[in-house]
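Chemist:
Chains as they are written, first to last, in my numbering: chain A, 866 to 1120; chain B, 1322 to 1577.
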């Protein structure tokens, strides 16, 4: 499979929901390199989810722009797909139908859809459930279906908006590991918005901390850890402590 | 599963037997009183005797087909009008606010009260009856469709847009399957109302249909034929409701 990561540039991006409403974030600048896993950490209300929606083309910015390689993000595209906190699967469809729906929108033939869907379902380890109704799956399995539904489009960038926060600790840990591995294997960019510093350490290559109102990017920390990451490793603990300390400092300044 | 089916069939049979017993008892009461003896043909015995003639002459079949086709056309018009109205009500807040009061008002007007206007406005009685059926059926379909849309997860639209869906894809793959259960429930309600409305609607101005057969039997004091027609109306209504129920079960995606 060819690597398909992209260069993402967020240039002087500002946003407000209403013309006279408060500014969500102001003059945000951010770069992500091809194949990088970038975590955006911040407290509720700092604008990190809004930033992710703009990156997905689901919301227009008030000012500034986002470019992916040389294209400006102006509307949603299957090339930059977003995964939400809840899987939001289509409950009248089977797992395979949910996974293949984007390809159906793209007018692919049934044979090609079947072939690609089978491959993607295998990637997320759900072969046994391909013909099950999604309502029969656990929360973690449903989130895997949502992941497959995003990956089947062979996106260049996957945007995750706190996608594991509603899952139990074991399922969350398994998915954090698997999603990072899949993204690395495919070479795609991951941008994860999270409240969890642990999640950022276990998944990201780099973490940025957003704080303030309007939101700003306050700090940037490189998470230089080996691929195999264990929450108990001293190196992981060290970076976690550093990230936690920085997050506290930034939040104290904010308060 | 099998036990539940047997139990359901048993209760249905017992219920029907009680109804038949009450009918028989009513017929016996009518027959035993000299003042009401003239209506004794309403009883099960004379009704049973009238069946071969009415079916042999094709009277019931012809009337059922005529009423059924009026019902079919009227219901189809209600579906093609009611579903888009319901989708508009469910998707456009402005349209919902604008239409809620007038639609609630129109819904409460008995469909039969439109008959004089329909007869003046439309060239034939047949069309007037179809119009009345549509007026009776459109509201349950429109309101059920709107209620179905109100239950949709707004994030489904976001996901669909993100995966490159056009508005037609959203309609075909998301909206229609998601609301199929509610729309079919609305159609089931509409069918019930329309089937009730069609009989009085066929009392006037025409010489065909089940309503006309009832009116004609009454005028000829042929109470046995009248009772057979009532039975046929009940059986057809019951069968149509069963078909609707099966369709609702088939398209329901709500978890068992």
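Beta carbons: idealized from backbone N, C-alpha and C, even for Gly.
If we count the other Cβ atoms within 10 Å of its Cβ and call it buried at 16 or more, is residue 1435(B) buried or exposed?
Modeler: Label assigned to residue 1435(B): buried.
Chemist: Could you tell me whether the Cβ atoms of residue 1581(B) and residue 1499(B) are closer together than 8 Å?
Modeler: The displayed coordinates of chain B run from 1322 to 1577. Any statement about residue 1581(B) would go beyond what the structure contains.
Chemist: For residue 876(A), does the three-state DSSP call read helix, strand or coil?
Modeler: Strand at residue 876(A).
Chemist: Between which two residues does the beta strand (DSSP E) carrying residue 1074(A) extend?
Modeler: Segment 1071-1076, the beta strand (DSSP E) holding residue 1074(A).
Chemist: What are the residues that DSSP puts in a beta bridge with residue 932(A)?
Modeler: According to DSSP, which records beta bridges pairwise, residue 932(A) is partnered with 874(A) and 937(A).
Chemist: Which same chain residues, not among the five before or five after residue 1352(B), have their C-beta less than 8 Å away from its C-beta?
Modeler: So the qualifying residues of the chain are 1358, 1361 and 1364.
Chemist: Based on the DSSP secondary-structure assignment, which residues constitute the bridge partners of residue 886(A)?
Modeler: DSSP lists no partner for residue 886(A).
Chemist: Where does the unbroken alpha helix (DSSP H) through residue 1087(A) begin, and where does it stop?
Modeler: Element bounds for residue 1087(A): not the alpha helix (DSSP H) but the beta strand (DSSP E), 1081-1087.
Chemist: Count the other CB atoms within 10 Å of the CB of residue 877(A); is the residue buried (16 or more) or exposed (fewer)?
Modeler: That one is exposed.
Chemist: Among 999(A), 1107(A), 934(A) and 938(A), which has the Cα closest to the Cα of residue 1483(B)?
Modeler: Comparing Cα positions, the closest option is 938(A).
Chemist: For residue 1114(A), which of 979(A), 1096(A) and 1077(A) has the nearest alpha-carbon?
Modeler: The option with the nearest alpha carbon to residue 1114(A) is 1077(A).
Chemist: Taking only beta carbons into account, state which residues of the segment 937-955 of chain A come closer than 8 Å to chain B, listed in chain order.
Modeler: Answer in chain order: 941, 942, 943, 946, 947, 949, 951, 953 and 955.
Chemist: Identify the contact partners of residue 1018(A) in chain B, using a Cβ-Cβ distance below 8 Å as the criterion.
Modeler: Going along chain B in sequence order, the residues near residue 1018(A) (Cβ under 8 Å) are 1484 and 1485.
Chemist: I'd like the list of long-range same chain contacts for residue 875(A), defined as Cβ closer than 7 Å, with 5 residues on each side in sequence excluded.
Modeler: Excluding sequence neighbours, residue 875(A) sits near 893, 894, 895 and 931.
Chemist: Whose C-beta lies closer than 7 Å to the C-beta of residue 866(A) among residues of the same chain, with five residues either side of it excluded?
Modeler: Unreliable placement is indicated for residue 866(A), whose pLDDT of 48 sits below 50; no coordinate value is reported for it.
Chemist: If we ignore side chains and look at the alpha-carbon of each, how far apart do residue 998(A) and residue 958(A) end up?
Modeler: Between residue 998(A) and residue 958(A), the C-alpha separation is close to 6 Å.
Chemist: Restricting to runs no shorter than 4 residues, where is the alpha helix (DSSP H) found entirely within the segment 958-1037 of chain A?
Modeler: You should have 960-970, 975-988 and 1004-1016.
Chemist: What residues are listed by DSSP as bridge partners for residue 903(A)?
Modeler: The partner list for residue 903(A) (beta bridge, DSSP) reads 1056(A) and 1071(A).
Chemist: Using a Cβ distance threshold of 8 Å, determine whether the segment 1050-1067 of chain A contacts the segment 970-982 of chain A, with at least three qualifying pairs required.
Modeler: No, the segment 1050-1067 of chain A does not touch the segment 970-982 of chain A.
Chemist: Only counting the same chain, and skipping five residues up and downstream in sequence, which positions put a Cβ closer than 6 Å to that of residue 1011(A)?
Modeler: Once the five neighbours on either side are set aside, the close Cβ partners of residue 1011(A) are 948 and 952.
Chemist: Looking at C-alpha atoms only, which residue of 883(A), 1075(A) and 1037(A) is the closest neighbour of residue 1067(A)?
Modeler: Nearest of 883(A), 1075(A) and 1037(A) to residue 1067(A), Cα basis: 1037(A).
Chemist: Among the candidates 904(A), 971(A), 943(A) and 1035(A), whose CA atom is the shortest distance from the CA of residue 1020(A)?
Modeler: When only C-alpha atoms are compared, the closest one is 943(A).
Chemist: Since residue 890(A) and residue 1495(B) should fall inside the 8 Å C-beta cutoff, what is the C-beta to C-beta distance between them, to a whole number of angstroms?
Modeler: Actually they do not touch by this definition, with Cβ atoms about 31 Å apart.
Chemist: Can you tell me whether residue 893(A) is helix, strand or coil according to DSSP?
Modeler: If DSSP states are grouped into helix, strand and coil, residue 893(A) belongs with the strands.
Chemist: Suppose you measure from the CA of residue 1458(B) to the CA of residue 1377(B); what does that come to, to the nearest Å?
Modeler: Cα to Cα, the separation comes out at about 33 Å.
Chemist: Mind pulling the chain A residues with CB within less than 8 Å of residue 1474(B)?
Modeler: Chain A residues near residue 1474(B): 953.
Chemist: Comparing C-alpha positions only, which one of 1099(A), 1084(A), 926(A) and 916(A) sits nearest to residue 883(A)?
Modeler: Considering only alpha carbons, the answer is 926(A).
Chemist: Kindly list, in the order they appear in chain A, the residues whose Cβ is closer than 8 Å to that of residue 1503(B).
Modeler: Simply none; closest approach about 12 Å.
Chemist: Roughly how many angstroms separate the alpha carbons of residue 1424(B) and residue 1513(B), rounded to a whole number?
Modeler: Each residue's Cα considered, the two are about 20 Å apart.
Chemist: Would you say residue 1508(B) reaches chain A, if we count a Cβ-Cβ gap shorter than 8 Å as a contact?
Modeler: Not an interface residue.
Chemist: Check residue 1338(B) in the structure and name its three-state DSSP category.
Modeler: In this structure, residue 1338(B) counts as helix in the three-state DSSP scheme.
Chemist: So, does the CB of residue 1479(B) fall closer than 8 Å to a CB anywhere in chain A?
Modeler: So, interface residue.
Chemist: Per DSSP, residue 948(A) is paired with what?
Modeler: Bridge partners of residue 948(A): 1025(A).
Chemist: If distances are taken between C-alpha atoms only, which option among 1086(A), 950(A) and 1034(A) comes closest to residue 904(A)?
Modeler: Nearest of 1086(A), 950(A) and 1034(A) to residue 904(A), Cα basis: 1086(A).
Chemist: Give a yes or no on whether the minimum CB-CB distance between residue 1494(B) and chain A is below 8 Å.
Modeler: Yes, its Cβ sits closer than 8 Å to a Cβ of chain A.
Chemist: At least one CB of chain A closer than 8 Å to the CB of residue 1499(B): is that the case?
Modeler: Chain A contact via Cβ: present.
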